[in-house]
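Note sheet for the following structure.
Chains as they are written, first to last, in the numbering used here: chain A, 19 to 301; chain B, 2 to 346.
Okay, structure coming up:
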């Protein structure tokens with residue numbers, strides 16, 4: 019393992035304001051994505067997580083503020099040059115009918131190929147590696163639309179991996195998938211950060227999975243970042259109340275120590291002894 | 002283990018491009034044979050040897066005239082028109098991400114038709130009929146520009162473009178009908194044949210008029226084929242891959258408009274080819290743009306060539322517009338293919 023924490027962040031956003039048409043969604047966001055870590059954006063629906071991700075990925079232009087990639091304004095850089103360093107997987111991508119897994123993954127090579135210049139061997143190697151890493155090699159020739167949701171999402175992740183970027187942004191990569199499939203995907207993504215030193219930024223909906231896999235949590239509410247830090251520091255009952263308006267208590271997984279939130283049932287208010295009992299069994 | 006996986010992958014890839022090459026060679030051979038057949042058939046009986054002779058050593062004879070001035074330009078025009086419409090259709094289906102799109106959906110055909118009928122009704126007495134293609138081309142360009150600018154909203158949304166195109170096409174269709182109804186019989190007749198799509202009395206000038214559009218637009222389309230493939234994954238994915246969406250879409254759209262507009266200008270309302278040819282080609286080579294362009298071009302050329310051949314020889318002494326056969330035989334065949342494959346739309 020490298021020592022990524024000492025590297026300065028390559029992707030930063032400063033005083034970002036962004037939105038759609040007249041509706042402002044981001045209201046002054048400052049963020050720096052830590053190198054070689056898995057960072058998760060958390061927040062209730064409409065808090066601006068996806069908008070922030072899109073703005074950082076330069077697919078949405080901020081009305082005010084700047085995004086810097088390696089010190090250069092990302093919205094003024096050549097989009098193909100950015101694509102060599104930063105990959106993004108948007109929410110719920112749909113593959114055209116009849117596209118094979120191999121063809122989809124090969125699309126990840128787009129920014130590295132010009133009209134005349136093409137390194138076939140390098141491309142083939144990147145595609146092969148990405149497919150092996152995501153375990154999609156066995157259905158390389160099958161059509162993407164014929165696969166299950168989890169397999170399909172692995173193919174899309176393979177496409178982004180074939181792009182060979184140090185920074186990877188994913189918008190809700192686990193939504194609508196079974197819990198087991200979500201866990202497998204998050205294992206994969208966390209290995210990418212910790213074994214391969216890639217920098218990942220994810221939008222997730224599941225609080226406990228986010229707390230279990232994130233190195234850094236960024237909690238958003240109403241277009242602002244409320245708090246950010248390691249799950250052990252920021253994944254607390256008061257913060258969940260503040261960000262999500264969620265009444266829950268936070269316990270710790272006895273095995274990994276990662277925090278887990280358990281929502282309080284409204285009709286049966288938990289007594290203090292209940293909480294103590296839960297905490298005891300967590301220890 | 003990994004070695005074997007690698008090996009099978011590579012061999013798959015090889016067989017895939019072999020299949021492509023195979024398809025393209027078969028289609029090309031079929032086209033060459035069809036050209037030979039078309040050269041031999043016509044209202045004036047000509048034998049194969051006579052045709053060969055006239056091609057190899059042109060003399061001032063009737064047969065030489067028939068082959069060189071009547072049949073050859075018409076055959077070449079059919080090929081170019083078919084290829085241009087098919088490529089235009091393939092590009093457009095990819096841009097709007099809808100397999101049911103044809104050059105009609107962005108108003109190319111209806112714009113060209115309105116301009117052509119307008120020309121026939123108002124200007125044909127003062128201007129030579131040779132200006133008809135120019136008028137039709139202008140009509141196609143103006144209506145495509147109109148569709149794009151009306152659908153513009155900080156960029157081009159494909160679905161909005163289709164809706165605007167359909168609306169505009171309906172309005173221009175009404176204008177075309179109105180003009181035909183109020184113009185005199187001979188102008189209305191000419192207009193009607195033009196609307197059906199015909200290669201009757203095609204000349205070398207027509208071939209020379211259409212060819213430059215293909216020479217310019219086809220290489221550009223091929224150069225942007227990868228961009229089209231990336232955009233087929235959705236705008237958000239394509240942007241992430243580094244595609245300059247707006248620029249690529251405009252370039253591809255311009256190619257499509259130029260190809261379809263030029264083809265329609267010289268052959269009239271044959272644009273149904275633009276819908277079916279890419280589909281048939283996609284069955285052979287898949288939807289990958291760089292493959293679909295040459296395959297569609299060959300399929301489109303074959304369709305128009307045979308439609309025109311049927312029109313020329315099946316109902317002698319009448320010379321029927323090729324458009325009748327493109328739609329009359331092509332449409333049921335198309336429906337049959339879709340039915341058989343139970344394709345999902």
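Note that beta-carbon positions come from the ideal geometry of N, C-alpha and C, so glycine has one too.
Min CB distance residue i to chain A below 7 Å
i: residue 6(B); result: Confidence is the limiting factor: at residue 6(B) the pLDDT is only 45, short of 50, which leaves the residue's position unreliable, though a coordinate-based value still follows. Yes - at least one Cβ of chain A is within 7 Å of the one on residue 6(B).
i: residue 238(B); result: yes
i: residue 231(B); result: yes
i: residue 90(B); result: no
i: residue 156(B); result: no
i: residue 152(B); result: no
i: residue 242(B); result: yes
i: residue 103(B); result: no
i: residue 235(B); result: yes
i: residue 357(B); result: Residue numbering for chain B in the displayed model covers 2 to 346; residue 357(B) lies beyond these limits and cannot be assessed.
i: residue 245(B); result: yes
Spatial distance of residue i from residue j (CA atoms)
i: residue 45(A); j: residue 194(A); result: 29 Å
i: residue 118(B); j: residue 206(B); result: 21 Å
i: residue 173(A); j: residue 167(A); result: 10 Å
i: residue 130(B); j: residue 42(A); result: 58 Å
i: residue 221(B); j: residue 127(A); result: 21 Å
i: residue 325(B); j: residue 198(B); result: 8 Å
i: residue 151(A); j: residue 105(B); result: 45 Å
i: residue 180(B); j: residue 171(B); result: 14 Å
i: residue 105(A); j: residue 93(A); result: 15 Å
i: residue 128(B); j: residue 202(B); result: 18 Å
i: residue 301(B); j: residue 87(A); result: 47 Å
i: residue 242(B); j: residue 129(A); result: 6 Å
i: residue 162(A); j: residue 63(B); result: 59 Å
i: residue 198(A); j: residue 58(A); result: 19 Å
i: residue 136(B); j: residue 188(A); result: 51 Å
i: residue 189(B); j: residue 159(A); result: 55 Å
i: residue 217(B); j: residue 287(B); result: 25 Å
i: residue 246(B); j: residue 280(A); result: 44 Å
i: residue 217(A); j: residue 28(A); result: 9 Å
i: residue 21(B); j: residue 53(B); result: 32 Å
i: residue 334(B); j: residue 35(A); result: 55 Å
i: residue 33(B); j: residue 42(B); result: 15 Å
i: residue 297(B); j: residue 38(B); result: 21 Å
i: residue 37(A); j: residue 213(A); result: 36 Å
CB contact below 7 Å: residue i versus chain B
i: residue 175(A); result: no
i: residue 237(A); result: no
i: residue 116(A); result: yes
i: residue 157(A); result: no
i: residue 97(A); result: yes
i: residue 133(A); result: yes
i: residue 101(A); result: yes
i: residue 194(A); result: no
i: residue 26(A); result: no
i: residue 129(A); result: yes
i: residue 111(A); result: yes
Own chain residues within Cβ distance below 6 Å of residue i, not counting five before or after
i: residue 145(A); result: 123, 124 and 180
i: residue 264(B); result: 82, 85 and 86
Same chain only: Cβ atoms within 7 Å of residue i, ignoring 5 sequence neighbours per side
i: residue 230(B); result: 289 and 290
i: residue 178(A); result: 105, 107, 126 and 186
i: residue 260(A); result: 244
Residues bridged to residue i [DSSP beta-bridge criterion]
i: residue 153(B); result: 157(B)
i: residue 270(A); result: 277(A)
i: residue 35(A); result: 45(A) and 82(A)
i: residue 105(A); result: 186(A)
i: residue 247(A); result: 235(A)
i: residue 50(A); result: 30(A)
i: residue 257(A); result: Bridge partners of residue 257(A): none, in fact.
i: residue 63(A); result: Per DSSP, none; premise fails for residue 63(A).
Contact belief for residue i with residue j at Cβ below 8 Å, rounded distance in angstroms
i: residue 210(B); j: residue 134(B); result: 6 Å
i: residue 85(B); j: residue 323(B); result: Residue 85(B) to residue 323(B), Cβ: 14 Å. No contact.
i: residue 31(B); j: residue 303(B); result: 6 Å
i: residue 89(B); j: residue 275(B); result: 5 Å
i: residue 115(B); j: residue 176(B); result: 5 Å
i: residue 273(B); j: residue 328(B); result: 5 Å
i: residue 232(A); j: residue 56(A); result: 6 Å
i: residue 61(A); j: residue 238(A); result: 4 Å
Residue i: CB within 6 Å of a non-hydrogen atom of the ligand GTP
i: residue 163(B); result: Ligands are entirely absent from the displayed structure, and the ligand GTP is therefore not among its contents.
Same chain, Cβ closer than 8 Å to residue i, five either side skipped, listed in chain order
i: residue 163(B); result: 97, 99, 102, 106 and 107
i: residue 183(B); result: 122
| field | Near-chain E residues of the segment 284-305 of chain B - C-beta to any C-beta below 8 Å | value | Of the protein chains in this structure, namely A and B, none is chain E.
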